[in-house]
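In the numbering used here, the protein residues as written are 68 to 364. Cβ coordinates follow ideal geometry from the N, Cα and C atoms, glycine included.
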């Protein structure tokens with residue numbers, strides 16, 4: 068009587084769900100996903116786990132696990148996320164390592180990234196110009212030519228005195244050691260080289276005079292003297308608009324020409340309207356209307 072020792076096969080071998088490599092190659096990815104999904108569901112039910120229990124333990128959402136069991140490839144996440152989820156499912160369900168890899172999408176072929184020999188890929192306008200030896204040679208030649216051209220340009224500017232290689236230095240020692248030069252002459256010579264000292268030595272009146280000289284010739288002072296109640300309207304280029312009813316008194320305004328002034332009723336004396344201290348004449352045939360023209364300066 069011959070006795071043979073039989074080793075019990077694993078459950079996925081006995082159930083016929085384990086696929087040989089040749090069978091996997093003959094099946095499509097959808098068929099492999101459905102077969103592996105049935106294996107996952109059978110193993111989960113054998114361990115007495117529900118989808119919710121399995122999702123809680125391995126921290127994968129229930130829709131993803133359901134898509135794996137039903138073979139819904141279009142509802143699976145991207146390859147980068149799915150590749151990290153499948154080992155967790157295999158460890159929890161005690162499946163062979165890597166048995167669920169056929170569910171992963173096919174990786175992008177890297178055959179297009181292989182370098183092509185010869186000048187087929189080398190084009191000066193392509194971004195891959197630096198990944199070829201021809202592009203490296205062209206880049207080195209361009210850099211060398213640029214450095215030589217820049218060096219020649221600097222030498223030419225230096226020969227033409229168009230390039231200052233050193234800052235301009237004032238010979239202070241020669242000025243101070245001159246025997247026939249007084250301190251006043253030395254100060255006058257160095258006056259233009261010391262703007263900060265000039266600013267410190269300026270008086271407040273000098274600053275005011277500088278501001279006064281910046282005033283345009285069209286700016287001036289308009290003086291009005293009222294002997295009786297009058298209605299006044301003023302328009303100036305500076306944007307000033309005046310409309311008022313004034314009684315007896317004096318009114319002084321700083322305005323910018325040209326100015327149009329209308330007084331109702333017209334003033335009886337010519338001295339009642341003055342511009343910068345000069346009496347103004349009424350516009351001919353327009354009583355009570357005065358006009359200050361813009362200066363041509």
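Per DSSP, residue 173 is not a residue of any alpha helix (DSSP H), being assigned neither H nor E. Residue 115 has its alpha-carbon roughly 25 Å from the corresponding atom of residue 169. Annotation: residue 344 to residue 286 spans about 13 Å, alpha carbon to alpha carbon. Judged by DSSP secondary structure, residue 286 falls within the beta strand (DSSP E) whose first and last residues are 286 to 293. For residue 339, no beta strand (DSSP E) run applies, since DSSP gives it neither H nor E.
In the three-state scheme derived from DSSP, where H, G and I count as helix and E and B as strand, residue 99 is classed as helix. The beta carbons of residue 319 and residue 355 sit about 20 Å from each other, so the pair does not count as a contact at 8 Å. The Cβ atoms of residue 310 and residue 300 sit closer than 8 Å to each other.
Under the criterion of beta carbons closer than 8 Å, residue 156 and residue 204 do not qualify as touching, at roughly 52 Å. Between the alpha carbons of residue 208 and residue 224 lies a gap of roughly 25 Å.
A distance below 6 Å between beta-carbons, with the five flanking residues on each side excluded, links residue 292 to the following residues of its chain, in chain order: 317 and 339.
Looking only at 325, 105 and 298, the smallest Cα-Cα distance to residue 137 is reached by 105. Residue 361 has its alpha-carbon roughly 54 Å from the corresponding atom of residue 226.
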